[in-house]
Structures are given as structure tokens and as C-alpha cells.
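Residue numbers (this note's numbering), protein chains in the order written: chain W, 2 to 458; chain V, 2 to 458.
First up is the structure itself, then whatever we jot down about it.
There are 2 protein chains.
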Amino acid sequence: MDVVAGLGRVLPADRVLADPDAMRRYLHDEAEWAEYAPAAAVVRPRSTAEVQAVVRFALEHRIAVVPRGAGTGLSGGANALAGCLVVSFEAMDSVLEIDPAERLAVVQPGVVNDDLRAACAERGLWYPPDPASSPWSTIGGNVATNAGGVCCVKYGVTKDYVLGLEVVTGRGDVVRLGRRTAKGVAGYDLCALLVGSEGTLGVITEVTVRLLPRRAAERTIAGYFDSVVAAGEAVSAVAAAGVVPSALELVDRHCLEAVDAWKNMGLSVEANVVLLGRTDTPGDDEAATMLACFEQAGASWAAVSSDEHEAEALFQARRLAYPALERLGPVLTEDVCVPRSKVPEMLARIGKTAAAHDTRIANIAHAGDGNLHPLLITPIGDEDARRRAQAAFEDIIADALDLGGTVTGEHGVGLLKRPGLRRELSEPVLDLHHAVKAALDPSGILNPGKVFSRGTR
Amino acid sequence: MDVVAGLGRVLPADRVLADPDAMRRYLHDEAEWAEYAPAAAVVRPRSTAEVQAVVRFALEHRIAVVPRGAGTGLSGGANALAGCLVVSFEAMDSVLEIDPAERLAVVQPGVVNDDLRAACAERGLWYPPDPASSPWSTIGGNVATNAGGVCCVKYGVTKDYVLGLEVVTGRGDVVRLGRRTAKGVAGYDLCALLVGSEGTLGVITEVTVRLLPRRAAERTIAGYFDSVVAAGEAVSAVAAAGVVPSALELVDRHCLEAVDAWKNMGLSVEANVVLLGRTDTPGDDEAATMLACFEQAGASWAAVSSDEHEAEALFQARRLAYPALERLGPVLTEDVCVPRSKVPEMLARIGKTAAAHDTRIANIAHAGDGNLHPLLITPIGDEDARRRAQAAFEDIIADALDLGGTVTGEHGVGLLKRPGLRRELSEPVLDLHHAVKAALDPSGILNPGKVFSRGTR
Numbered sequence: 002m003d004v005v006a007g008l009g010r011v012l013p014a015d016r017v018l019a020d021p022d023a024m025r026r027y028l029h030d031e032a033e034w035a036e037y038a039p040a041a042a043v044v045r046p047r048s049t050a051e052v053q054a055v056v057r058f059a060l061e062h063r064i065a066v067v068p069r070g071a072g073t074g075l076s077g078g079a080n081a082l083a084g085c086l087v088v089s090f091e092a093m094d095s096v097l098e099i100d101p102a103e104r105l106a107v108v109q110p111g112v113v114n115d116d117l118r119a120a121c122a123e124r125g126l127w128y129p130p131d132p133a134s135s136p137w138s139t140i141g142g143n144v145a146t147n148a149g150g151v152c153c154v155k156y157g158v159t160k161d162y163v164l165g166l167e168v169v170t171g172r173g174d175v176v177r178l179g180r181r182t183a184k185g186v187a188g189y190d191l192c193a194l195l196v197g198s199e200g201t202l203g204v205i206t207e208v209t210v211r212l213l214p215r216r217a218a219e220r221t222i223a224g225y226f227d228s229v230v231a232a233g234e235a236v237s238a239v240a241a242a243g244v245v246p247s248a249l250e251l252v253d254r255h256c257l258e259a260v261d262a263w264k265n266m267g268l269s270v271e272a273n274v275v276l277l278g279r280t281d282t283p284g285d286d287e288a289a290t291m292l293a294c295f296e297q298a299g300a301s302w303a304a305v306s307s308d309e310h311e312a313e314a315l316f317q318a319r320r321l322a323y324p325a326l327e328r329l330g331p332v333l334t335e336d337v338c339v340p341r342s343k344v345p346e347m348l349a350r351i352g353k354t355a356a357a358h359d360t361r362i363a364n365i366a367h368a369g370d371g372n373l374h375p376l377l378i379t380p381i382g383d384e385d386a387r388r389r390a391q392a393a394f395e396d397i398i399a400d401a402l403d404l405g406g407t408v409t410g411e412h413g414v415g416l417l418k419r420p421g422l423r424r425e426l427s428e429p430v431l432d433l434h435h436a437v438k439a440a441l442d443p444s445g446i447l448n449p450g451k452v453f454s455r456g457t458r
Numbered sequence: 002m003d004v005v006a007g008l009g010r011v012l013p014a015d016r017v018l019a020d021p022d023a024m025r026r027y028l029h030d031e032a033e034w035a036e037y038a039p040a041a042a043v044v045r046p047r048s049t050a051e052v053q054a055v056v057r058f059a060l061e062h063r064i065a066v067v068p069r070g071a072g073t074g075l076s077g078g079a080n081a082l083a084g085c086l087v088v089s090f091e092a093m094d095s096v097l098e099i100d101p102a103e104r105l106a107v108v109q110p111g112v113v114n115d116d117l118r119a120a121c122a123e124r125g126l127w128y129p130p131d132p133a134s135s136p137w138s139t140i141g142g143n144v145a146t147n148a149g150g151v152c153c154v155k156y157g158v159t160k161d162y163v164l165g166l167e168v169v170t171g172r173g174d175v176v177r178l179g180r181r182t183a184k185g186v187a188g189y190d191l192c193a194l195l196v197g198s199e200g201t202l203g204v205i206t207e208v209t210v211r212l213l214p215r216r217a218a219e220r221t222i223a224g225y226f227d228s229v230v231a232a233g234e235a236v237s238a239v240a241a242a243g244v245v246p247s248a249l250e251l252v253d254r255h256c257l258e259a260v261d262a263w264k265n266m267g268l269s270v271e272a273n274v275v276l277l278g279r280t281d282t283p284g285d286d287e288a289a290t291m292l293a294c295f296e297q298a299g300a301s302w303a304a305v306s307s308d309e310h311e312a313e314a315l316f317q318a319r320r321l322a323y324p325a326l327e328r329l330g331p332v333l334t335e336d337v338c339v340p341r342s343k344v345p346e347m348l349a350r351i352g353k354t355a356a357a358h359d360t361r362i363a364n365i366a367h368a369g370d371g372n373l374h375p376l377l378i379t380p381i382g383d384e385d386a387r388r389r390a391q392a393a394f395e396d397i398i399a400d401a402l403d404l405g406g407t408v409t410g411e412h413g414v415g416l417l418k419r420p421g422l423r424r425e426l427s428e429p430v431l432d433l434h435h436a437v438k439a440a441l442d443p444s445g446i447l448n449p450g451k452v453f454s455r456g457t458r
């Protein structure tokens, strides 16, 4: 069957891309070394009805459907499968409604996270989830992966803000899940089930999110530490003091050195580990408490800043770490989450793993959440280094599980964490996953082979 | 088959009750007029293994299993079915662990909500969900119904605090869903799917909840209003001012009169509607803002209280309303939730419904959430009044749906809201519910007929 001709019968012609060059940028996300294959076509629908038409066409012809946001994913979840239809939501990018009285927004899936945040800010409202990809990533992709970010430690992740979804199911129906009211328990929480399901249970066509009022200005508390153990003690001390910071980020020596090599900020001279905390609770108490925690844990330097520019400069090191490391070669991004008290132990084990596999591993961590992002850097074109890095990647997963953690804190399973998922979940839980998948996508057309492999465990 | 003899072969004898008198108090919850029937036996297991033995026994003999917490439910969700096994968790009531560093607790399902809160408070921690039933209701029941409460308006509902569950599935397996880490996206959020599933998808045997640090002391802002419209304007003004109160409760004239008739507090002389707000944000700004909102909306009296006894006295009217009304006859409790800006319109419609059906309807509302609890009172033994009240109950549901609301904000579907659920959800969404139910409980033994009727839509 000629897929493109067939699509032309159910969609306006300009919705369908079939030229291999034009399709190339739609075939994968930003996961290093995750496999992908040529799609039969890329579809750019403009309405829910058009998405439904694509899914029904795919159902009729048993073609895989791969939904796609901005492609900033780091697990391969949006990677194309041979002969599939990639559905890109770039043309469904409208903020449909912002309701200050109900504190909610209704958006199409292609709306960029920062654009929603800006639109909310104009109305005195705030959409908290702030993945590092927020300048590019879309709400649809954020929902599909249950994206996290810096403010999660206090404000939770994407699922905590999704009130309702419009979804095209694997049966080809358009359904509304969830609600617009602040509370509601009518039926199963299928909306929560869809969040984080990585396109395998339904194609999201509209998202209703809960908003918060604009928050008070943040203060930043920065600390330089000689060791990850001392920084870890500072994190534990903050928790023990009863403070939930609005951010608590850790940047290690390898990141600081890479940033210095690029921007000459002189950070790695001062510190082996930088902790960056923030508080948005009114009053000065929390900032003072966090500062005291940093100092008591042995910070070589620590200070509170309420100057926005100064604070931004401090957070630069965290933001620049990833691009600074990418200058050195391909970066394979890990995303394990451990109990927060295990952060120092996990960082120590990552150091041992780096040595054992002769792999350069830098660390950014949402330390307050226990969510670590070891960044594995390999020289361009060095196949042996790549194999060593992949072995290190698996060892990090094993250590995270050993410490009571999870193989993915916020990036999703996609392709890269499928083996990890099988290690993390018991057989009966995997059976439940397959049963739920079969219930919502009986023909198996929705992003097949993602999260778990087709036909295998 | 002799069920009791059969159970005796898989459980110690003292776990099984079969005497009709002893079983009576286990046969229903507090939902007025919801049907129930004699059980074959009541089982009081002491371990997950014993729960699993019961479920496997039930699977083998195709007997319905009805899990049960304290029986404080208001929808009939825990009501016994003819010949079923009621599983009571009264003997599984241990707080297994409170971990201040990770800010989590692990509890057996039979732990009473207030007991968990007290145990957390001893460690400087706080478990927020605070249903009115908290002195009696259990965490297992709270999770099964996704219970709400007074602090939801700022702190969310039970599902926002459930990190992980141990569950016996309808296949007889013991599974762990969710996690102990602060974040995690490994696989589908089956934990969220189980929360609020009212015992129809699995039997909860252990709950891991997220905790918060002890919060700052609350201040109470009380306001007396002449009309629900004025009180509704105060609620809207608070939202527009960017304040998320830690409580915002409405008590109407009928409640005030019933409390006065019982306790002679003189409230109904002063006010037609009382609004009770609370704030726990440090500083005085929010209390001052809420007070100004109350006054600008036309409060005949309004004041901020930071005196705990004074504040408690003000909240007494809210707490006493239900027992005060019960003195007058059986109370059928509604639980609709509408967009918060629709609260005045919904209260006006409830007033019309009361008149049309000649039924006394008092209102308590979590006004900040749009979650209303119309309380329908009928004279004892008056069958005609009961029929009128039931008609009013259905009209209230229809009005809530008409205003974009839901048929149940926090009490669950159980038996009483099954017709409402069919009105609220579309056919394809109901199909998804049945598919998920079949996936997790293929033999249909788990609380069958609750949430949706057996074999029907």
C-alpha cells in the first residue's frame, strides 16, 4: 500500500511530509546512540480530528504511530520505527485558554513550555514544571514523559499539574480524561495513567493544566564544597531542618572544569562541588537556615543572594554544564533517582564506575530530589570509548537499583532504559503493564517497542 | 461449598468471622440508603500473605472480595455483596516506618488517618490529607477513595501523597507499585491508577506516603455574609488576589441554624453564610489580603484570629454541622465539585432544588475547591420525604454536570454515584474503564458492582 497516497485521502496534502531529507529531523530525539529508522511519512496535523484520522488510518493498515513533541527527549521515546507514521504537533501550538479564576490553562500539545509559562505570567499565574528543555520542549512531550525540572523538589512534576487530557486512543476514539474542577474522583484516574506513558497508550491532543499564582521572588543560596560527601551532608541538613527549598542543585568538579574551559569562570579553582539552593518562602528564615546548613556541612564558601543578576550568574554554571560538556564529545545522559540520603553514596559509586570503565562522567543533580544526571562523555568517533560508556551506563543503573532507586527519575524509559525497566519491575508488574497496554491499545499501533520491547519481557 | 470451612484451611481460625451478629457492623459504610447484603464471612487478616491467601481463595471459588477500612465512606463503596468476603484491615494497623530524611512513611492500610498524623508530628513531619473522617478513617480507605479534606485547596488530595503501594491484584499476585524515591517515571503510573479505584482493581496491603515538614502556625480569617453570592464573591476575590489559602470553608444558614438549635452558639442571628479561611504562609500578608477580600465582598463582620482557641471555636460551626443535622434525621450527603467560580450559582440551584422537592438541604462546602456537600435531611421513617430527597440528589448531580462539574469531588462513586458516573463519562471512556478493570481483575472478583454496575453500563 502507498502510505502517502493513502494519507492524502484522509488529510489535506500539506499535512504530510514524505521527502527523506525533509523527514530526517523528525526521526529521532536527543538520546545519544538510541536506534531509529526511516518513517513512512511525517504527519503534521492541525486539529484533533486530523489526529484521529491519522490514528484510524494507522489502525486500518496496522502502521505504527510515533507521536512527537520537540524531540528534546533523552531516552529515544520519540524515535521513528521503520515504516511508521511520525505525528509532529508543531502545527498544534495554541494556548487555547487561560482562566485566572479557575487557575487553569488549556493548551494544544505543541505549545512550548516557556511559551505557556510566559502566557501565564502575563496573567499573574505560574505553570511550575521547568525541565531544562523548557525553551524548546512542548507540553505534549512534557506530559508524555512526565517531565520534571529544577523546581520539582518543592512543586512536583508535570503529573501534579495535569488536570485533564484529550486523547486519541489506540481504538481510534477521541476521549476526554480528567476534569476542569479542582477536585474529582469520578472513575479511574486514567488521566494520571496517560501521563508518562510515552505515547504508548494514547495520542495527546489537548492538555488542561493546573496553575499557581505567581510566586514570591526567590533568593539563591550558593555553597562551595570540597567533596560530594560534604555537599550531601548539606542536602541532608536542609531536609532535617524542615526546609523544602524551591531548588537544590548540585554541580560537580567535572562540570565546573568544562564550564571553566569554555567560559573561564574560575569555578573549579574555588570548589570541587557547588550546591545551588533557592527559596521562595516569604521572609528570610529559610534562606538563613539553608545558609547555616551549608556552613555547618563544611562549605568553603557560602552566601545568600537576593540580587537577581548575581543569582543568575551562579545558576549559569549549572545551565552551561551540559553544552560545555557537549563541546568535548557526545554526551550520554543518565537519569537515575535514589533516596535523597543516598546521593553521596551514589556519587561515590559513579566515580568508581567512571574509573572502572575509563569513562569521563560529570554530574549534575537535582540533589534535593535524589535525581542524578551523570553525563557520560566520549571522544567523537571513538567506538571503544562508546562501548565502555555504555557499560558504565548499565553499571550506574544497577547501583541506583541497589540503593533503592529507580532507573529513570524524569527522562522516561524510551529505548535506552528498557533493560533497566525489566530489572526494576517484577514479573507480575510487567504483566500488569502489558495488560494495560493491551486494554488501551489492543492493536499495538501506538509507539510500539517503546518502554518495553514488542513481544518480549 | 462451605466458605467458612474453606477459609479455615488457608487462614488461622481467629481471622474469620461468620456469626451474623458479629458480621453486622462490617456490612455497610455510612452512605444513607445504599444497598448491602449479608456476607459469607468477614476476614481480618494480619499480613499481606494472609490477604493474598484470601484473594486466591476467592479466585479459586469465584467469590467477591469487598475490602474495607473503617466504614466511614459515604457512597456505599465498602458495602457487602451477597455471599462475599469482607476483608477488614483493622488488624493491619501498624505504622511500619517514618523516615524523616526521605520524608516518607510506610503504613499498613488499617492505620487511622489521625494516628498517622500524630506519629508524623512527633517527628516534626506532616501528612496533609485531612478528611473530616480523620479521627476514624484509615489510610487504606483514604487511598481507595482518594480522600480529600479541608487543606486540599492548598495541599492537594490523597493521591498527591501516595508514593507507593503494595497491592494484591485480581490475579492473586502481590505487587509493589510506585516507589520510595522523590521522583520516578519507570513504567506506567499504576500506583496512581489504583488510588481512588475503590477496591475494584486491587486490594491495598501497604501504603508509602510522602510527607511534608511541619508547617507554620495557621491564622484563621472568618467572615459573616448575608448571601451566598457575597460569600462566593469573597472566594473569587481571594483567588484573584493570588492567594491560595490553606483552607476556605463555607457553612450556610441551614447548618448554622442546626448548630444553634443544638449548641446555642447564636451564629444564625449574626450571619446567613459563614466563610472560614486559613493561611499558613509565613508573614501577615495573606491574612490581611484575605480579610480585605472578605470585607470588599460585603462581609457584615470579618476578622483575623491568630488565637488558636478562638480559631477553633470558629471552626466548630463547620465541624458540628453534620452531627447537628443528623439530630434532625437521616442525612444523605452529596459531594459534587464545580469550577470554583460557579459555587454561588450552584448554591442557588441547590436552593431551588430544595424548594422543588420540598427537601431540607443544608450546605457545607470546600468553597476554595468548588467542592460542595449539600446535606439532604429527611424526617426519620418518612418514606415520601426519602423519595423526594433522592430525586433532589439526582437533580443536584445534573446541575453540577451542567455547570462543568463532577458528580463526586472526594467521596467516590461507590453505589450511590453509579448513575452519575454514566452521565459524566462518555461511552468510549466507560469502555476504557471496563477494559482496565478486565486487565487488572480478569475474574471480576474485586468489589464487583461498585463504581460501575456488573455487566451493564
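Glycine included, each C-beta is placed from N, C-alpha and C at the ideal position.
Using beta-carbon positions only, say whether residue i and residue j come within less than 7 Å of one another.
i        : j        : result
W:Gly141 : W:Ile205 : yes
W:Thr409 : W:Asp359 : no
V:Leu126 : V:Leu212 : yes
V:Lys155 : W:Glu411 : no
W:Tyr189 : V:Val437 : yes
W:Arg220 : W:Val112 : no
W:Val144 : W:Val52  : no
W:Gly278 : W:Leu249 : yes
W:Pro331 : W:Thr379 : yes
Which two residues bound the contiguous alpha helix (DSSP H) that contains residue i?
i        : result
W:Thr354 : Val344 to Ala357
V:Arg389 : Glu384 to Asp403
V:Val11  : Val4 to Val11
W:Asp100 : Segment Val96 to Asp100 is the beta strand (DSSP E) holding W:Asp100; no alpha helix (DSSP H) there.
Shortest alpha-carbon distance to residue i belongs to which of the options?
i        : options                                  : result
W:Val245 : W:Tyr37, W:Cys153, W:Val305 and W:Pro46  : W:Cys153
V:Val43  : V:Arg320, V:Arg177 and V:Gly9            : V:Gly9
V:Arg423 : V:Ile446, V:Glu395 and V:Glu327          : V:Glu395
V:Ala390 : V:Ala35, V:Arg328, V:Leu377 and V:Ile398 : V:Leu377
V:Val430 : W:Ala50, W:Ala187 and W:Ala312           : W:Ala187
V:Val163 : V:Val169, V:Trp137 and V:Pro130          : V:Pro130
V:Thr49  : V:Met347, V:Val108, V:Ala102 and V:Tyr27 : V:Val108
V:Ala92  : V:Val239, V:Asp15 and V:Ala193           : V:Asp15
V:Glu428 : W:Ala293, W:Leu18 and W:Leu178           : W:Leu178
V:Ile398 : V:Leu417, V:Val239, V:Ala40 and V:Lys264 : V:Leu417
Can you tell me whether residue i is helix, strand or coil according to DSSP?
i        : result
V:Phe226 : strand
V:Thr457 : At V:Thr457, the pLDDT of 44 sits below 50, so the modelled position is not reliable; the number obtained from the coordinates is stated separately. Residue state, collapsed to three classes: coil.
V:Pro449 : coil
V:Trp263 : helix
W:Ala187 : coil
V:Ile381 : coil
V:Pro513 : As displayed, chain V neither begins before 2 nor continues past 458, which places residue 513 of chain V out of reach and without an answer.
Starting from residue i, trace the beta strand (DSSP E) in both directions and tell me its first and last residue.
i        : result
V:Asp253 : Ala248 to Asp253
V:Gly179 : Val175 to Gly179
V:Val52  : Here V:Val52 belongs to no beta strand (DSSP E); instead the alpha helix (DSSP H) covers Thr49 to His62.
W:Asn114 : Counting along the chain, W:Asn114 falls outside any beta strand (DSSP E), though it belongs to the alpha helix (DSSP H) covering Asn114 to Glu123.
W:Thr360 : Segment: none, W:Thr360 is in no beta strand (DSSP E) and carries neither H nor E.
V:Arg211 : Gly203 to Arg211
Here's a check: name, in chain order, each residue in its chain whose Cβ is nearer than 6 Å to the Cβ of residue i, leaving out the five neighbours to either side.
i        : result
W:Gly299 : Ala231
W:Val11  : Ala54 and Phe58
W:Thr457 : Its pLDDT being 44, under 50, W:Thr457 is placed unreliably in this model, and the value from its coordinates should be taken loosely. If we look at W:Thr457 and ignore the five residues flanking it on each side, it has no Cβ neighbours.
Counting only the same chain and skipping the five closest in sequence on each side, list residues whose C-beta sits under 8 Å from that of residue i.
i        : result
W:Ala122 : Arg215
Can you find the residues in the same chain that come closer than 7 Å, C-beta to C-beta, to residue i, ignoring five residues on each side of it along the sequence?
i        : result
V:Gly165 : Arg177, Leu178, Gly179, Arg180, Arg181, Cys192 and Thr209
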